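Residue numbers (UniProt numbering): 1 to 157.
Structure, rendered in structure tokens:
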């Protein structure tokens with residue numbers, strides 16, 4: 001069967017974003033070749049790990065997670081960056097994958113974030129994968145945040 005090329009775009013969705021793993025598996029089973037990936041929020045996490053070649057390892061890790069294990073990975077904070085830092089999760093993933101530079105991934109990858117101070121979309125196509133994923137995943141109910149070297153300002157009323 002001839003492989004058909006597809007450029008995959010994955011959206012946000014928190015835990016629901018994990019469905020992206022199944023979508024990727026079905027695309028591959030149906031003969032599609034994913035030639036590039038772009039994603040935001042949870043779509044960036046799943047897409048970035050896929051582009052790095054760790055889709056199966058990420059899936060297996062997620063399948064071992066219990067409610068208490070998930071709770072233990074939440075690093076709560078009451079700072080201006082939000083209520084959950086996300087460092088514990090990304091540190092565990094970094095232990096599994098090692099350091100990853102976006103420009104050296106197996107498949108071209110773009111993490112999409114928002115510079116809310118400038119009201120602009122930001123595309124991370126090079127640099128530290130985990131800084132880009134963190135910038136894409138950042139949420140805040142108020143305040144100013146610094147991620148991946150960019151100031152982000154969020155106000156939600």
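Using N, Cα and C, we set each Cβ at its ideal position, and we do this for glycine too. All values derive from a computational prediction rather than experimental measurement.
### Message
Considering only their Cβ atoms, is the gap separating residue 7 from residue 36 smaller than 7 Å?
### Response
yes
### Message
Does residue 39 come out as helix, strand or coil in the three-state DSSP assignment?
### Response
strand
### Query
Per DSSP, residue 4 forms a beta bridge with which residues?
32
### Message
My output table needs one value for residue 129: the three-state DSSP class, helix, strand or coil.
### Response
helix
### Query
So what's residue 117 in DSSP terms, helix, strand or just coil?
coil
### Task
Output the distance between the C-alpha atoms of residue 126 and residue 107, rounded to the nearest integer angstrom.
12 Å
### Query
Excluding sequence positions up to five away, which residues of its chain have a Cβ less than 6 Å from the Cβ of residue 47?
10, 37 and 39
### Task
Assign residue 124 to one of three DSSP states: helix, strand, or coil.
strand
### Task
Quick one: residues in its chain with C-beta nearer than 6 Å to the C-beta of residue 44, no 5 flanking neighbours on either side, listed in chain order?
111, 133 and 136
### Query
Would DSSP call residue 105 helix, strand or coil?
coil
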